[in-house]
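With my numbering as the guide, the letters of the sequence shown map in order to residues 10 to 45. Even for Gly, the Cβ is constructed at its ideal location relative to N, Cα and C.
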Amino acid sequence: FCRPRYDQLIAFGWKIMLPLSLANLLITGAALLALE
Numbered sequence: 010f011c012r013p014r015y016d017q018l019i020a021f022g023w024k025i026m027l028p029l030s031l032a033n034l035l036i037t038g039a040a041l042l043a044l045e
């Protein structure tokens with residue numbers, strides 16, 4: 010088991026966490042609009 014390097018963590022964040030957060034915003038916004 011090797012520890013991830015700093016740049017690998019940054020790449021992981023851009024490739025996975027950013028799309029997840031954008032999708033979360035879209036889903037939350039759509040839910041709020043649908044519930045109004």
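Boundaries of the alpha helix (DSSP H) in which residue i is found, first to last residue
| i | result |
| --- | --- |
| P28 | 27-44 |
Residue i versus residue j: straight-line alpha-carbon distance, rounded
| i | j | result |
| --- | --- | --- |
| A43 | R12 | 43 Å |
| A20 | E45 | 38 Å |
| D16 | K24 | 12 Å |
| T37 | G22 | 21 Å |
| P28 | L18 | 15 Å |
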